[in-house]
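S.K.: Sharing a structure here in structure tokens format.
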Amino acid sequence: MHREKKKATMQFLLEVVDILTNYVKKTFDRSTKVLDFHHPHQLLEGMEGFNLELSDQPESLEQILVDCRDTLKYGVRTGHPRFFNQLSSGLDIIGLAGEWLTSTANTNMFTYEIAPVFVLMEQLTLKKMREMIGWPAGEGDGLFSPGGAISNMYSVMIARYKYFPEVKTKGMSAAPRLVLFTSEHSHYSIKKAGAALGFGTDNVILLSTDERGRVIPADLEAKILDVKQKGYVPLFVNATAGSTVYGAFDPINEIADICEKYNLWLHVDGAWGGGLLMSRKHRHKLNGVERANSVTWNPHKMMGVPLQCSAILVREKGILAGCNSMCAGYLFQPDKQYDVTYDTGDKAIQCGRHVDIFKFWLMWKAKGTIGFEQHIDKCLDLSQYLYNKINNREGFQMVFDGPQHTNVCFWYIPPSLRGMSDSEERREKLHRVAPKIKAMMMESGTTMVGYQPQGNKVNFFRMVVSNAAVTQSDIDFLVDEIERLGQDL
Ligand SMILES: *Cc1c(COP(=O)(O)O)cnc(C)c1O
Ligand SMILES: *[C@@H]1O[C@H](CO)[C@@H](O)[C@H](O)[C@H]1NC(C)=O
Numbered sequence: 020m021h022r023e024k025k026k027a028t029m030q031f032l033l034e035v036v037d038i039l040t041n042y043v044k045k046t047f048d049r050s051t052k053v054l055d056f057h058h059p060h061q062l063l064e065g066m067e068g069f070n071l072e073l074s075d076q077p078e079s080l081e082q083i084l085v086d087c088r089d090t091l092k093y094g095v096r097t098g099h100p101r102f103f104n105q106l107s108s109g110l111d112i113i114g115l116a117g118e119w120l121t122s123t124a125n126t127n128m129f130t131y132e133i134a135p136v137f138v139l140m141e142q143l144t145l146k147k148m149r150e151m152i153g154w155p156a157g158e159g160d161g162l163f164s165p166g167g168a169i170s171n172m173y174s175v176m177i178a179r180y181k182y183f184p185e186v187k188t189k190g191m192s193a194a195p196r197l198v199l200f201t202s203e204h205s206h207y208s209i210k211k212a213g214a215a216l217g218f219g220t221d222n223v224i225l226l227s228t229d230e231r232g233r234v235i236p237a238d239l240e241a242k243i244l245d246v247k248q249k250g251y252v253p254l255f256v257n258a259t260a261g262s263t264v265y266g267a268f269d270p271i272n273e274i275a276d277i278c279e280k281y282n283l284w285l286h287v288d289g290a291w292g293g294g295l296l297m298s299r300k301h302r303h304k305l306n307g308v309e310r311a312n313s314v315t316w317n318p319h320k321m322m323g324v325p326l327q328c329s330a331i332l333v334r335e336k337g338i339l340a341g342c343n344s345m346c347a348g349y350l351f352q353p354d355k356q357y358d359v360t361y362d363t364g365d366k367a368i369q370c371g372r373h374v375d376i377f378k379f380w381l382m383w384k385a386k387g388t389i390g391f392e393q394h395i396d397k398c399l400d401l402s403q404y405l406y407n408k409i410n411n412r413e414g415f416q417m418v419f420d421g422p423q424h425t426n427v428c429f430w431y432i433p434p435s436l437r438g439m440s441d442s443e444e445r446r447e448k449l450h451r452v453a454p455k456i457k458a459m460m461m462e463s464g465t466t467m468v469g470y471q472p473q474g475n476k477v478n479f480f481r482m483v484v485s486n487a488a489v490t491q492s493d494i495d496f497l498v499d500e501i502e503r504l505g506q507d508l
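With the sequence shown counted from 1, adding 19 to any position gets you this note's numbering.
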């Protein structure tokens with residue numbers, strides 16, 4: 020009986036593997052849809068043979084297999100070569116294998132005691148990333164965190180700790196009024212960090228940008244002086260290397276000059292653009308990054324590593340631990356038999372920490388640095404291809420010229436709006452075009468691409484490429500599909 024049970028369990032696992040490998044195959048097959056869209060109420064009401072309700076009694080392994088299959092069926096194929104909706108996309112097979120292994124090992128990053136191999140892999144990989152940033156001998160500190168928003172939050176915390184360490188024990192009342200600066204094109208995570216860490220969103224000051232979305236250094240200096248004049252303390256500048264919507268790279272060297280002059284912490288948010296450091300052709304866009312005090316870099320975006328995988332890298336050694344350590348006696352006993360500096364858990368604001376390193380390390384092994392470089396170069400070439408294709412094409416209008424990253428932002432102008440001169444009415448109509456096309460795309464399941472307004476600009480499409488499976492034919496498909504769906508709007 021016992022043996023029978025074991026056999027059935029193993030059989031079940033093999034069938035799950037079968038479901039997964041089938042899914043992988045179909046994801047790369049262009050005749051498969053990107054998604055099979057349903058409204059929330061439809062999924063909640065239950066589909067044939069698939070019900071989200073939890074049951075009191077155990078269900079059969081057959082039903083569990085159906086549940087696995089259907090969970091994938093009604094989801095979105097983010098690895099599909101025509102999924103362009105997010106900065107993180109793709110389905111890297113080595114990365115996937117890494118994730119499977121990680122779940123099988125099912126351990127926790129907080130101590131060397133229970134994750135010896137993963138902890139060392141993390142340290143080694145972080146050092147390699149710091150070398151790529153250009154910090155001497157790859158010295159410094161860092162951690163993998165649950166995403167770029169959290170990595171950015173770390174940067175604000177350690178900046179505050181660096182200048183006002185007493186806040187750790189006494190709280191914000193021990194510090195003067197502190198001000199953070201970031202681009203008006205910033206991802207909202209800095210504002211969140213400002214609120215969550217007790218600075219207040221009023222003390223997050225937005226910097227003006229040029230037509231391509233890059234911070235204007237003179238505006239930063241003017242705003243620092245203004246803040247000082249009011250008696251507040253400018254603490255932190257967030258420069259962006261690859262903004263979320265425009266893919267803009269702020270001029271880091273000029274910003275670093277100002278930070279040095281006024282003694283501010285310089286953080287470079289390379290959540291999206293950090294991957295370009297792997298490319299000899301494109302890394303110049305981050306010139307000056309080696310002058311940053313901290314850098315966020317998400318391998319789960321441009322480098323195609325499965326979610327999630329984000330690093331916060333810090334130039335000064337020891338400051339993460341200084342800022343965050345609480346020395347919990349039940350985890351971080353100082354009298355263990357090994358070198359306890361490898362117990363990295365106390366540097367984190369989390370207690371337990373997921374193993375995000377293995378899939379990344381394994382991909383790096385499998386591709387080599389050169390493989391990542393080729394991936395980055397290819398994605399940027401594809402975006403240039405798209406840009407060349409639609410720039411000056413009838414019915415398309417670019418939001419900005421000459422993309423710096425893979426972000427290509429554009430309006431599709433349906434024939435009905437082409438002759439109309441600029442007016443409030445035309446703006447309102449154009450604002451509704453991208454959402455309508457997107458809805459039709461999702462309902463027909465053919466492709467997905469993001470859209471948003473920005474500042475006073477009405478809804479436009481933001482195309483990005485980070486998926487290694489994308490080819491020129493997929494870019495052609497997207498353009499045709501937008502024209503097909505949009506022609507009668
Ligand atoms: C995506 C992004 C973030 C947030 O990263 P998550 O991993 O999604 O938390 C932060 N900054 C920039 C520039 C981003 O593009
Ligand atoms: C910095 O700017 C970027 C993008 O402009 C943004 O994503 C990030 O959240 C900002 N915040 C911090 C704390 O670095």
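We treat Cβ as the ideally placed atom computed from N, Cα and C, and that holds for glycine.
#1: Beta-carbon distances below 7 Å to any heavy atom of ligand 1 define the shell here; list its residues in chain order, please.
#2: Would you check if there are 3 or more beta carbon pairs closer than 8 Å linking the region 37–47 to the region 96–116?
#3: Excluding the 5 residues preceding and the 5 following glutamate 150 in the sequence, name in chain order all residues of the same chain whose CB lies nearer than 6 Å to its CB.
#4: Looking at C-alpha atoms only, which residue of Lys476, Ile331, Phe183, Lys397 is the closest neighbour of serine 298?
#5: Is the separation between the beta-carbon of threonine 228 and that of histidine 204 shorter than 7 Å?
#6: Taking the beta strand (DSSP E) that tyrosine 431 belongs to, which residues open and close that run?
#7: Tyrosine 265 to methionine 345, Cα distance in whole Å?
#8: Verify whether the separation of the beta carbon atoms of valine 468 and phenylalanine 56 is less than 7 Å.
#9: How is isoleucine 152 classed by DSSP in three states: helix, strand or coil?
#10: Any idea if tyrosine 406 is buried or exposed, counting beta-carbon neighbours within 10 angstroms, 16 or more meaning buried?
#11: Within 10 Å of its beta-carbon, does cysteine 428 have 16 or more other beta-carbons around it, so buried, or fewer, so exposed?
#12: Output the distance between the C-alpha atoms of isoleucine 235 and phenylalanine 268, rounded to the nearest integer angstrom.
#13: Does lysine 147 come out as helix, strand or coil in the three-state DSSP assignment?
#14: Does tyrosine 251 come out as helix, strand or coil in the three-state DSSP assignment?
#15: Can you tell me the Cα-Cα spacing of lysine 211 and leucine 401, whole angstroms?
#16: Runs of 3 residues minimum, wholly inside the region 323–364: which ones carry the beta strand (DSSP E) assignment?
#17: Quick one: what's got a C-beta closer than 6 Å to serine 108's C-beta in the same chain, skipping five residues either side?
#18: If you drop the 5 nearest sequence neighbours on each side, which residues of the same chain put their C-beta closer than 6 Å to that of alanine 258?
#19: For the beta strand (DSSP E) holding lysine 476, just list the boundary residues, first then last.
#20: Using C-beta distances below 8 Å, list every residue in its chain close to isoleucine 38, excluding the 5 sequence neighbours before and after it, in chain order.
#21: Kindly list the residues whose CB is nearer than 6 Å to the CB of histidine 450, restricted to its own chain and excluding five residues on each side of it in sequence; keep chain order.
#22: For the beta strand (DSSP E) containing serine 122, name the first residue and the last one.
#23: With distances taken from CA atoms, which of Gly166, Ile376, Arg49, Asn171 is nearest glycine 213?
#24: How close, in whole Å, do the beta carbons of isoleucine 209 and valine 223 come, if the pair is a contact with beta carbons under 8 Å?
#25: Which of the three DSSP states is assigned to serine 164 in this structure?
#26: For histidine 373 and alanine 178, what's the separation of their Cα atoms in angstroms?
#27: Bridge partners for glycine 289 per DSSP, in chain order?
#28: State buried or exposed for alanine 27, treating a residue as buried only when at least 16 other CB atoms are found within 10 Å of its CB.
#29: Once you ignore the five residues that flank proline 472 on each side, which residues in its own chain have a CB closer than 8 Å to its CB?
#30: Between leucine 295 and leucine 305, how many whole angstroms is the CB-CB distance? I'm expecting something under 8 Å.
#31: Leaving out five residues on either side along the sequence, give the residues of the same chain with a beta carbon under 8 Å from the beta carbon of asparagine 343.
#32: Go ahead and pull the three-state DSSP assignment for methionine 172.
#33: If you follow the alpha helix (DSSP H) that leucine 401 is in, where does it begin and where does it stop?
#34: For asparagine 41, count the other beta carbons within 10 Å of its own beta carbon; 16 or more makes it buried, fewer makes it exposed. Which is it?
#35: Identify whether leucine 283 lies in helix, strand or coil by the three-state DSSP scheme.
M.R.: On the basis of the coordinates in this document:
#1: Taking every residue with its beta carbon within less than 7 Å of a heavy atom belonging to ligand 1 gives, in chain order, Leu106, Gly166, Gly167, Ala168, Ile169, Asn171, His206, Ser208, Thr259, Gly261, Ser262, Thr263, Asp288, Ala290, Trp291, Thr315, Asn317, His319, Lys320, Gln327, Ser329.
#2: Between the region 37–47 and the region 96–116, the count of Cβ pairs shorter than 8 Å is three or higher; the stretches touch.
#3: Gly157
#4: When each option's Cα is compared against that of serine 298, the closest is Lys397.
#5: With respect to histidine 204, threonine 228 sits close: the two C-beta atoms are nearer than 7 Å.
#6: Tyrosine 431 -> beta strand (DSSP E) spans 427–431.
#7: 40 Å
#8: no
#9: helix
#10: buried
#11: buried
#12: 11 Å
#13: helix
#14: coil
#15: 33 Å
#16: 329–333
#17: Within the same chain, Cβ atoms closer than 6 Å to the Cβ of serine 108 are found at Thr97, Phe102, Ser485, Asn486, the five residues on either side in sequence being excluded.
#18: Asp269, Ile271, Ile274, Val287
#19: 476–482
#20: Leu84, Cys87, Arg88, Leu91
#21: Val477, Asn478
#22: First-last for serine 122: 112–124, but that is the alpha helix (DSSP H), not the beta strand (DSSP E).
#23: Comparing alpha-carbon positions, the option among Gly166, Ile376, Arg49, Asn171 lying closest to glycine 213 turns out to be Asn171.
#24: With a Cβ gap of about 6 Å, isoleucine 209 and valine 223 count as contacting.
#25: strand
#26: 25 Å
#27: Trp316
#28: exposed
#29: His450, Asn478, Phe479
#30: 6 Å
#31: Met176, Asp365, Lys366, Ala367, Ile368
#32: Three-state DSSP puts methionine 172 in a helix.
#33: 376–409
#34: Per the 10 Å Cβ criterion, exposed.
#35: coil
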